[in-house]
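Encoded as structure tokens, the structure appears first; notes follow it.
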Amino acid sequence: MKNEKREFKSSWGAPLKPVYGPADAPAERLAADLGAPGEFPFTRGVHAEMHRKRLWTMRQYAGFGSAVETNKRYRFLLDQGQTGLSVAFDLPTQMGYDPDAPMAQGEVGKVGVSISSIEDMHDLFEGIPLDRVSTSMTINATAAILLSLYVATARRQGVATERLSGTVQNDILKEYIARGTYIFPPGPSMRLITDTFAYCKDRVPRWNTISISGYHMREAGSTAVQEVAFTLANGIAYVQAAVEAGLTVDEFAPQLSFFFNAHNNLIEEIAKFRAARRLWARIMRERFGARDPRSLALRFHAQTAGSMLTAQQPENNIVRVAVQALAAVLGGCQSLHTNSMDEALALPTERAVRIALRTQQILAHESGVADIVDALGGAFAVERLTSDIEEAARVYIKRIDDQGGAVAAIPFMQREIQDAAYRYQREVEERTRIVVGVNEFVTDDLPPGNLFQVDAAVGAALAERVARVRAGRDRDGARRALDALETAARGRDNLLPLMVNAVEVGVTLGEICDRLRGVFGAHQPSVTF
Numbered sequence: 039m040k041n042e043k044r045e046f047k048s049s050w051g052a053p054l055k056p057v058y059g060p061a062d063a064p065a066e067r068l069a070a071d072l073g074a075p076g077e078f079p080f081t082r083g084v085h086a087e088m089h090r091k092r093l094w095t096m097r098q099y100a101g102f103g104s105a106v107e108t109n110k111r112y113r114f115l116l117d118q119g120q121t122g123l124s125v126a127f128d129l130p131t132q133m134g135y136d137p138d139a140p141m142a143q144g145e146v147g148k149v150g151v152s153i154s155s156i157e158d159m160h161d162l163f164e165g166i167p168l169d170r171v172s173t174s175m176t177i178n179a180t181a182a183i184l185l186s187l188y189v190a191t192a193r194r195q196g197v198a199t200e201r202l203s204g205t206v207q208n209d210i211l212k213e214y215i216a217r218g219t220y221i222f223p224p225g226p227s228m229r230l231i232t233d234t235f236a237y238c239k240d241r242v243p244r245w246n247t248i249s250i251s252g253y254h255m256r257e258a259g260s261t262a263v264q265e266v267a268f269t270l271a272n273g274i275a276y277v278q279a280a281v282e283a284g285l286t287v288d289e290f291a292p293q294l295s296f297f298f299n300a301h302n303n304l305i306e307e308i309a310k311f312r313a314a315r316r317l318w319a320r321i322m323r324e325r326f327g328a329r330d331p332r333s334l335a336l337r338f339h340a341q342t343a344g345s346m347l348t349a350q351q352p353e354n355n356i357v358r359v360a361v362q363a364l365a366a367v368l369g370g371c372q373s374l375h376t377n378s379m380d381e382a383l384a385l386p387t388e389r390a391v392r393i394a395l396r397t398q399q400i401l402a403h404e405s406g407v408a409d410i411v412d413a414l415g416g417a418f419a420v421e422r423l424t425s426d427i428e429e430a431a432r433v434y435i436k437r438i439d440d441q442g443g444a445v446a447a448i449p450f451m452q453r454e455i456q457d458a459a460y461r462y463q464r465e466v467e468e469r470t471r472i473v474v475g476v477n478e479f480v481t482d483d484l485p486p487g488n489l490f491q492v493d494a495a496v497g498a499a500l501a502e503r504v505a506r507v508r509a510g511r512d513r514d515g516a517r518r519a520l521d522a523l524e525t526a527a528r529g530r531d532n533l534l535p536l537m538v539n540a541v542e543v544g545v546t547l548g549e550i551c552d553r554l555r556g557v558f559g560a561h562q563p564s565v566t567f
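Below is the structure:
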């Protein structure tokens, strides 16, 4: 493909000019839209000094097999300089099944760590003081239960919940839209989320109660504009639900956080992060009347784009990840995960994980990009793209509002993402979009042979373990805890304190979900074409 025949355009299809100048970012608009770092509308960052004062948290998303095996990987990463933990859970844990459930067979420990009881959570963080490490947990349908297990484990360590810091993803709407690991219908799911908001406000004040995620929608094929618009539309739905549940905006909004994809297009991605920050600040102030600056500041974690990793020539992924990570840092992320080069083929090896972490460390300590706040702020192209993304996202949010909000607009967002994914794939197949090593610069190299493999026997071993946990607990205490939780689920009491009590007496994740399914039912998606 020769450049003179190529149409240069953004991920959402808008044409790109060859050169941008003062007319694209006029001084009068810059004055209104830029502001100073750490001040409304936060275009230039949520803190005045950003990474000059404190580097982003370096989190390498990890989890596989048993809690004991994953704990070894966490210790390795911490020894290599990782500054925060990020837990990947297996599909049974995400979907509310214990390892001995028929639905869990063949999936235990495969794409994340299996956690079903307080004993598992204790093993996961053995030797890791929870008052001295920030932990992110990528979990949604069962987020309230995993947070309860984390709180119970901290108590066992003698750590006060007020000293815990971290994030639970807890974003169920994007599961309905793009990913599929949901359990309950939207109504009860939103209740679990707002219960988590209220519980943490009073008991775990340093915890981010939700990480509103555009990442998975981008992985499903959305454009940069769709990622911003649909993520913030979901954020609006969560804030509205919390307000309707009786919470005051400035009581819970400072604990909201976001999770975005760091994709391939360097300049567009930097503009995307800046646009999201500015648009959210305006939404919170204009729509919800938030006054606390912390309620207006969009803090976000970024992960490099898993969907952009290629199984062909996996070493090329090191370069892709470096570019994506650079976009996240220049865009003002608060924490970052860098994917490993072999993740298109298997769970990453220690060597691949170390290279991914070293990528962040080189950016932080050798590149100079952390030394200047919003280094590209004021650049004509960056400011024009920032404004274009913000305005296009506003149009999408208006369309979602007109349909009754994010929950009602789930089918609309699904169709928009499907259409965008189709356009992208067609461009790759027609070679109007080059993917190095896939449709151009192709070689016949065989995939590497030293891939990481999870022990095939882990499922049976963990099924036996959870049976032992049940056999060794106070049977009557467990039954009473489950009965109390079920009764509360039929009413309106906050479920989090009851979940913490239940897991402390040995009740398992699967047992809690079974009781809640009996009350809430299970979500049955509508089929759209």
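The opening residue of the sequence shown carries number 39 in the working numbering; numbering runs sequentially from there. Ideal Cβ placement from N, Cα and C applies to all residues, glycine included. Quick caveat: nothing in here was measured; it's all calculated off a predicted structure.
Item	Value
8 Å contact criterion, which Leu547 and Asp136 should meet: CB distance rounded	6 Å
For Tyr112 and Leu129, believed in contact at Cβ under 8 Å, the rounded distance	Not quite, the Cβ-Cβ distance comes to about 20 Å (not below 8 Å), so this is no contact.
Coil, strand or helix - Ile248 by DSSP	strand
Identity of the residue in Asp493, Val84, Gly475 and Leu68 nearest Gln351 by Cα	Gly475
Delimiting residues of the alpha helix (DSSP H) encompassing Phe127	No alpha helix (DSSP H) contains Phe127, which DSSP labels as neither H nor E.
Identity of the residue in Val84, Leu285, His160 and Gly515 nearest Val197 by Cα	His160
Coarse secondary structure for Asn299, derived from DSSP in three states	strand
Own chain residues within Cβ distance below 8 Å of Val473, not counting five before or after	Thr348 and Val466
Cβ-based neighbour list, Ser203, same chain, cut-off 6 Å, excluding 5 preceding and 5 following	Ser172 and Arg244
As assigned by DSSP and simplified to three states, the class of Thr219	coil
Identified DSSP bridge partners for Met96	Leu374
Closest Cα partner of Glu164 within the set Gly150, Tyr188, Ala179 and Ala509	Tyr188
Segment contact flag, the segment 212-223 with the segment 546-562, C-beta cutoff 8 Å, min 3 pairs	yes
Whether Asp296 touches Ser373 by CB criterion (8 Å)	It is Phe, not Asp, that sits at residue 296 in the sequence shown. No, they are not a contact pair.
Paired residues, beta bridge with Leu294 - DSSP	Ile248
Reference Thr481, options Ala190, Glu353 and Ser174, closest by Cα	Glu353
Assigned exposure category for Phe46 - 16 Cβ within 10 Å defines buried	exposed
For Gly225, three-class secondary structure by DSSP	helix
Start-end ranges of the alpha helix (DSSP H) lying completely within the segment 449-514, minimum 4 residues	496-510
Per-residue DSSP class, three states only, for Phe558	helix
Residue environment, Leu484, which counts as buried when at least 16 other CB atoms sit within 10 Å	exposed
For His85, the three-state DSSP class (helix, strand or coil)	coil
Top-ranked residue by Cα proximity to Ala519, from Leu554, Ser251 and Asn355	Leu554
Asp158, buried or exposed, once every other Cβ within 10 Å from all chains shown has been counted against 16	buried
Val541 vs Arg511 beta-carbon contact at 8 Å	no
For Val206, the first and last residue of its enclosing beta strand (DSSP E)	Ser203 to Val206
Helix, strand or coil at Phe235 according to DSSP, with G and I counted as helix	helix
Own chain, CB closer than 6 Å to Ala522, minus 5 neighbours either side, in chain order	Leu536
Candidates Thr232, His339 and Lys310, of which the one nearest Ala182 by Cα	Thr232
Cut-off 7 Å between Cβ atoms - residues of its own chain near Lys212, not counting five sequence neighbours on either side	Ser251, His254, Met255 and Asn272
Cβ-heavy atom distance, Arg256 to the ligand GTP, below 7 Å	The model depicted lacks the ligand GTP and carries no ligand whatsoever.
Met175 (DSSP reduced to helix, strand or coil)	strand
Sequence-distant residues of the same chain with beta carbon closer than 7 Å to Ile210, five excluded per side	Asn178, Ala179, Tyr220, Ser227 and Ile231
Touch test, the segment 323-342 against the segment 364-382, Cβ-Cβ under 8 Å, three pairs minimum	yes
Backbone CA spacing between Glu421 and Ser260 [nearest angstrom]	22 Å
Segment limits, beta strand (DSSP E) that includes Gln195	That residue, Gln195, is in no beta strand (DSSP E); its alpha helix (DSSP H) goes Ala181 to Gln195.
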